[in-house]
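Take the sequence shown: its letter number 102 is residue 105 in the working numbering, and every next letter is one higher. All remarks here apply to the structure that follows.
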Amino acid sequence: MSQRKAYRANARRDGRWWLVEVPELDTVGQARNTAEVEEVAREVIALWLDVEPDAFDVAVTFEIPENAREAWEESRRREATARTESEAAAQLARRAVATLRADGLTYRDAGAVLGLSAQRVQQLAASGATRANNPS
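Written as C-alpha cells, this is what we have:
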C-alpha cells in the first residue's frame, strides 16, 4: 500500500484575508476565514498538481503575531502548573481527612475543624480510599 503524500500549508492574516502558502509548491491562495483555509490549500495543491483535492493530506499551521503566540504558550504552561498544584492540593486534603478519620473524628467533626461540610469530608475520604485501592 502506498503512502499518501502530505503537504504543509501555512496560513497568516493579510488584511481581511488569510494568505495560504504551500511552501513545497511555492504557491499561495486566499481564504476568507480559518474554516476555509484547508479547503483553499487543497484546491491550490490540486490545481497545481492536476489531481483530485482528496488525493493527498494537508497539515495546516496558523501563524499568529509573536506576542499572541507567547501569551498563549505561557497560558498553557501556567495551566499545566495549576493542574499539577491542584492535584497536589487535593492529595493533601485527602491526607488531612484520612488522618483526622484515623484519629477517630466523625465526618461532621472533621468537617467542622477543616471548615468543610460533612458531605465534602465524606467525598474526600471516599476518593482517598478509591485512590489507595486503585493507584494510577
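Beta carbons are placed, not taken as given, at the ideal position from N, Cα and C, and that holds for glycine.
Just tell me which of the options has its CA closest to the CA of residue i.
i      : options              : result
VAL148 : GLU73, THR30, ALA99  : Because residue 148 is not part of the residues shown, which for the chain are 4 to 139, the question remains open.
SER130 : ARG98, VAL63, THR109 : ARG98
LEU28  : ASP17, THR37, LEU52  : LEU52
TYR10  : LEU127, PRO56, ARG16 : PRO56
ARG16  : SER78, GLU69, GLY114 : GLU69
GLN6   : LEU50, ASN36, ALA58  : ALA58
ALA132 : THR102, ASN36, GLU73 : THR102
Any idea what DSSP makes of residue i, helix, strand or coil?
i      : result
ASN70  : helix
ASP112 : helix
ARG19  : coil
GLY32  : strand
GLU55  : coil
ARG7   : coil
Compute the beta-carbon to beta-carbon distance between residue i and residue j, rounded to the nearest angstrom, for a pair I have assumed lies under 8 Å.
i      : j      : result
VAL40  : TRP21  : 6 Å
ALA12  : VAL25  : 5 Å
VAL23  : VAL43  : 5 Å
ARG111 : ALA121 : 4 Å
Which word fits residue i, buried or exposed, when buried means at least 16 other C-beta atoms lie within 10 angstroms of its C-beta?
i      : result
ARG104 : buried
ARG45  : buried
VAL61  : buried
LEU127 : buried
ALA34  : buried
GLY118 : exposed
GLY114 : buried
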